[in-house]
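Residue numbers (the numbering used here): 8 to 552.
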């Protein structure tokens, strides 16, 4: 009886918070899922909704149609609202704060009437290598192929007609925020993937803006680069309010009132986030920072560090380096879907959690060989400059004496998924002797306990910490940052330590020596076998005819 009463009291308490708007909503546009998470003032998830989607090739470039952006966000929000009504008997009409997170970088260019000039070009496109090389040399600062300014400059180098019509350029999160609030702003973390940020002013680096303006191709344009970029904001700054038109775009049912505040920042509260693209983010002390092509520096939500480096023999500053890969779970998801279709054909109905969990657990079972039995999987849907690839083709390969079992197959899938980001991590840890004490894993791949955590610990030979909220990924992190709007008088780090994570539960997986050796053996074969991938790129068309 007491347990039932406690549960009833908890539901009533949450229902009161929902009615009073003591909630925060985070919506994450990931590569394969759009997820919405609603938290209360204790940072517990009280409702969630999601929508699956995939990028498409359009004339050889990866894109998501903007119609699918709105279909997806409406579906995810509707699922969350239904979750609220089912669990707490309340219609979701008030939300305290809302924030959006999305795949960084890419290219969304609009004319003066707000019309999209060319289809959205995502971070996954690798047609910008010439721009990357020229801008990195000009700035003496690594500008990865995925950055928005690299996309823009490549369009100029290619002589694309639309460039002269640009009135505004932003990222996916910036686009959604603009349409829902009318504000052309962007969180400083997301902004640092468009153009370099000055850590002192927390806005665009004026010296590099001047260098960019002076380029002949840029000087010939009718626009000023600074005028077509969104205004960067740091965590805790109010970024606008939900408009009536925005409320209709978000909520197709029409329950949501256009009154919440909408902070927009592209940061996660955990140092490593692993969605269907992946990156590893490492705070460290550097005696020098050459311009690497494999990794780059970025700004955090609070903009307390990064982008420029001034070296002094007497002073070393803390920087954050990132190894960012284009490919991660898209191929893995395709294989899991295939196994699900087999189960369905056999008359067995498996939900996603059971399907993924069963397959993932096989990868760390006693039946799995340490090195995945000689199997190899290349998860390259798109190009991966970390591996020297301008395009990608998913490839599974094995020798005639490889140990082809389900356990080894799934181990090879997970090893292969983490292999691209491992390339950049090795540059930091093995070539530049960056010491990594531990990393925090965050993302849906950690839904099945221990498996991905154990594999990642082996891949990086580093302890991996996973919090209880890890599987909720960027949507939960964005909800937390939205809530920070009401606590901006506290330093962000203190807010996270003292409020958000003070009572959080987590587990840490230490690297197993046998797994580390096994992964290194696999990774050595992976790198030696890259000509297989290059041959596939030559032999298999990118798009179906």
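Just so it is clear, CB atoms sit at the ideal spot from N, CA and C, and this is done for glycine as well. Predicted, not measured: the structure shown is a model, and the values here were computed from it.
Quiz item: Bridge partners of residue 205, per DSSP?
Solution: Working through the chain shown from its first residue, we reach residue 205 at position 198. Its beta-bridge partners are 210.
Practice problem: Write down every uninterrupted run of the beta strand (DSSP E) in the region 109-188 whose length is 3 residues or greater and which is fully enclosed by it, in chain order. | Solution: 115-117, 175-177
Practice problem: Report yes or no: is there a C-beta of chain B within less than 8 Å of the C-beta of residue 100? | Solution: Here there is only one protein chain, and chain B is not present.
Quiz item: According to DSSP, is residue 198 helix, strand or coil?
Solution: Numbered from 1 along the chain shown, position 191 holds the residue referred to as residue 198. Residue 198 falls in the helix class under three-state DSSP.
Exercise. Determine, using beta carbons only, whether residue 411 and residue 405 come nearer to each other than 8 Å.
Key: For the purposes of this step, residue 411 is taken as the residue at position 404 of the chain shown. For the purposes of this step, residue 405 is taken as the residue at position 398 of the chain shown. The answer is yes: Cβ separation under 8 Å.
Practice problem: Name the one or two DSSP bridge partners that residue 250 has. | Solution: Residue mapping note: residue 250 aligns to position 243 of the chain shown, counting from 1. For residue 250, which the question treats as bridged, DSSP gives no partner whatsoever.
Quiz prompt | Cβ-Cβ distance between residue 232 and residue 220 below 8 Å | solution = Locating residue 232 in the chain shown gives position 225, where the first residue counts as 1. Locating residue 220 in the chain shown gives position 213, where the first residue counts as 1. The answer is yes: Cβ separation under 8 Å.
Self-check item: Beta-carbon contacts of residue 511 that lie in its chain and below 6 Å, excluding the five residues immediately before and after
Solution: Reading the chain shown from its first residue, position 504 is the one you call residue 511. The residues are 474.
Quiz item: So, is residue 19 buried or exposed, given that buried needs 16 or more other C-beta atoms within 10 angstroms?
Solution: Position 12 of the chain shown, counted from the start, is the residue given in the question as residue 19. The residue is exposed, with fewer than 16 neighbouring Cβ atoms inside 10 Å.
Practice problem: In the DSSP assignment, find the unbroken alpha helix (DSSP H) run with residue 225 in it and report its ends. | Solution: Numbered from its first residue, the chain shown carries residue 225 at position 218. Looking at the DSSP string, the run of the alpha helix (DSSP H) that includes residue 225 is 223-226.
Exercise. Counting only the same chain and skipping the five closest in sequence on each side, list residues whose C-beta sits under 8 Å from that of residue 453.
Key: Here residue 453 is taken as the residue at index 446 of the chain shown, counted from 1. Counting only Cβ-Cβ distances below 8 Å, and skipping sequence neighbours, we find 281, 459, 460, 473, 477, 478.
Quiz prompt | Within the region 401-469, ranges of the alpha helix (DSSP H) (whole runs, at least 4 residues) | solution = List check, alpha helix (DSSP H) in window: 413-433, 458-467.
Quiz prompt | Contacting residues, own chain, Cβ-Cβ under 6 Å from residue 384 (five flanking each side not counted) | solution = Position 377 of the chain shown holds residue 384. Only 403, 419, 420, 423 meet the Cβ criterion.
Exercise. Write down the C-beta distance between residue 112 and residue 178 rounded to the nearest angstrom, noting that I regard them as a contact closer than 8 Å.
Key: Here residue 112 refers to the residue found at position 105 when the chain shown is read from its first residue. Here residue 178 refers to the residue found at position 171 when the chain shown is read from its first residue. With 8 Å as the limit, residue 112 and residue 178 qualify as a contact, their Cβ atoms being about 7 Å apart.
Practice problem: Verify whether the separation of the beta carbon atoms of residue 50 and residue 441 is less than 8 Å. | Solution: The residue given as residue 50 occupies position 43 in the chain shown. The residue given as residue 441 occupies position 434 in the chain shown. No, they are not a contact pair.
Quiz item: If you count every other CB in all the chains shown that lies within 10 Å of the CB of residue 549, and 16 or more means buried, which is it?
Solution: By one-based count along the chain shown, residue 549 stands at place 542. Exposed is the label assigned to residue 549, since fewer than 16 other Cβ atoms lie within 10 Å of its Cβ.
Quiz item: Leaving out the 5 sequence neighbours to the left and right, which residues in its chain are closer than 6 Å to residue 185 when beta-carbon positions are compared?
Solution: Against the chain shown, residue 185 aligns to sequence position 178. Contacts found: 191.
Quiz prompt | Exposed unless 16 or more other CB atoms sit within 10 angstroms - verdict on residue 68 | solution = The residue you call residue 68 lines up with position 61 of the chain shown. Result: buried.
Exercise. For the alpha helix (DSSP H) containing residue 345, list its first residue and its last residue.
Key: In the chain shown, residue 345 corresponds to position 338, counting from 1. Taken as a continuous stretch (DSSP letters only), the alpha helix (DSSP H) holding residue 345 covers 337-352.
Quiz item: Distance, Cα to Cα, residue 166 vs residue 122?
Solution: Position 159 of the chain shown holds residue 166. Position 115 of the chain shown holds residue 122. Straight-line Cα distance between these residues: approximately 20 Å.
Practice problem: Would you list the one or two residues that DSSP bridges to residue 42? | Solution: Counting from 1 along the chain shown, the entry for residue 42 is found at position 35. According to DSSP, which records beta bridges pairwise, residue 42 is partnered with 35, 57.
Quiz prompt | Within 8 Å, strictly: CB atoms of residue 333 and residue 391 | solution = As a working note, residue 333 is residue 326 in the chain shown. As a working note, residue 391 is residue 384 in the chain shown. Closer than 8 Å, so yes.
Quiz prompt | Pick from 362, 469, 36 that is closest to residue 62, judged by C-alpha positions | solution = Position 55 of the chain shown holds residue 62. Per the Cα distances, 36.
Quiz item: Where does residue 535 sit, in a helix, a strand or coil, going by DSSP?
Solution: What you label residue 535 is simply residue 528 of the chain shown in a count that begins at 1. Here DSSP, grouped into helix, strand and coil, assigns residue 535 to helix.
Exercise. Use the C-beta contact count for residue 110: other C-beta atoms within 10 angstroms, 16 or more gives buried, fewer gives exposed.
Key: Counting from one through the chain shown, the residue named residue 110 turns up at place 103. Flag for residue 110 reads buried.
Quiz item: To the nearest angstrom, how far is it from the Cα of residue 585 to the Cα of residue 44?
Solution: Nothing can be reported for residue 585, as the shown portion of the chain is limited to 8 through 552.
Quiz item: Given that a residue counts as buried once 16 or more other Cβ atoms are within 10 Å of its Cβ, and exposed if not, what is residue 132?
Solution: Translated into the one-based positions of the chain shown, residue 132 becomes position 125. Answer is buried; the Cβ neighbour count reaches 16.
Exercise. Measuring alpha carbon to alpha carbon, tell me which of 146, 148, 139 ends up nearest residue 155.
Key: On the chain shown, position 148 is the one that residue 155 refers to. Of the listed residues, the one whose Cα sits closest to residue 155 is 139.
Self-check item: Three-state class that DSSP yields for residue 372 in the structure shown
Solution: What you label residue 372 is simply residue 365 of the chain shown in a count that begins at 1. The answer is coil: DSSP assigns residue 372 none of H, G, I, E or B.
Self-check item: Spatially closest choice to residue 145 from 507, 218, 369, by CA coordinates
Solution: Along the chain shown, one-based indexing puts residue 145 at 138. Nearest of 507, 218, 369 to residue 145, Cα basis: 218.
Quiz prompt | Inter-stretch contact at 8 Å, needing at least 3 Cβ pairs: the region 510-525 / the region 77-85 | solution = no
Self-check item: Other residues of its chain near residue 400: CB distance less than 6 Å, five sequence neighbours each side excluded
Solution: Along the chain shown, one-based indexing puts residue 400 at 393. Hits under 6 Å: 543, 544, 547.
Quiz item: From residue 14 to residue 25, what distance separates their C-alpha atoms?
Solution: As a working note, residue 14 is residue 7 in the chain shown. As a working note, residue 25 is residue 18 in the chain shown. Roughly 17 Å between the two C-alpha positions.
Quiz prompt | Residue interval of the alpha helix (DSSP H) (run including residue 473) | solution = Position 466 of the chain shown, counted from the start, is the residue given in the question as residue 473. Where residue 473 is concerned, there is no enclosing alpha helix (DSSP H), although the beta strand (DSSP E) it sits in stretches over 471-474.
Exercise. Report the three-state DSSP secondary structure of residue 103 (helix, strand or coil).
Key: Sequence index remark: in the chain shown, residue 103 carries index 96 (1-based). Residue state, collapsed to three classes: coil.
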